[in-house]
Every structure is written in C-alpha cells, then in structure tokens.
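Everything on this sheet refers to the single structure shown next.
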Amino acid sequence: MNKEYQLHTIVQMKKPHPCGTNEWEIVRMGMDIKLKCLGCGHIVMLPRRDFERKLKKILKENVEE
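Here the sequence shown stands for residues 143 to 207, where the numbers follow my numbering.
Written out as structure tokens, the structure is:
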C-alpha cells in the first residue's frame, strides 16, 4: 500500500461511514490523523497506526478548500 498522503488528501477507508459515504478528507496530521466525512461532515480522530490499517486507497491528492 502506498502510504504517501498529506493534508487535504481524499482517502477511502475499508468500511463506509454510517451516513453511506466512503470518502474522507485528512484535516490534521501528527501522531493522530483527523478525518472529515465528505458525506455528513462528521469528524473522526484515529491513531496513525489504526488509520494506516483501515486505509483502503488514496482517491485524490492534496485537495485545497
């Protein structure tokens, strides 16, 4: 798995969010990764290790708001 992601990258996780979408934007990076659901706007914070295990693929790289 290519783990080259950065801030504002759109990623797909292995399991979809309960709102039905499977696209997330990275809004903070560090020891923890903060993700924003692109369907409902819900924000989730995951430890980097869990994020890397649950990441399926990178959809769009470095999308600015």
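Don't be surprised by glycine CBs; every beta carbon is placed ideally from N, CA and C.
Just to check, is the beta-carbon of residue i closer than 7 Å to a non-hydrogen atom of the ligand PLP?
i	result
residue 153	Although the ligand PLP was asked about, the structure shown includes no ligands whatsoever.
Can you tell me whether residue i is helix, strand or coil according to DSSP?
i	result
residue 160	coil
residue 194	helix
residue 179	strand
residue 155	strand
residue 173	coil
residue 188	strand
residue 146	coil
Since residue i is in the beta strand (DSSP E), which residue starts that stretch and which ends it?
i	result
residue 203	Looking at the DSSP string, residue 203 is not in any beta strand (DSSP E), and its letter there is neither H nor E.
Inspect the beta-carbon positions of residue i and residue j and report whether they are closer than 8 Å.
i	j	result
residue 201	residue 152	yes
residue 196	residue 155	yes
With residue i and residue j assumed to form a contact (beta carbons below 8 Å), what rounded beta-carbon distance in angstroms separates them?
i	j	result
residue 175	residue 185	About 11 Å; that fails the 8 Å criterion.
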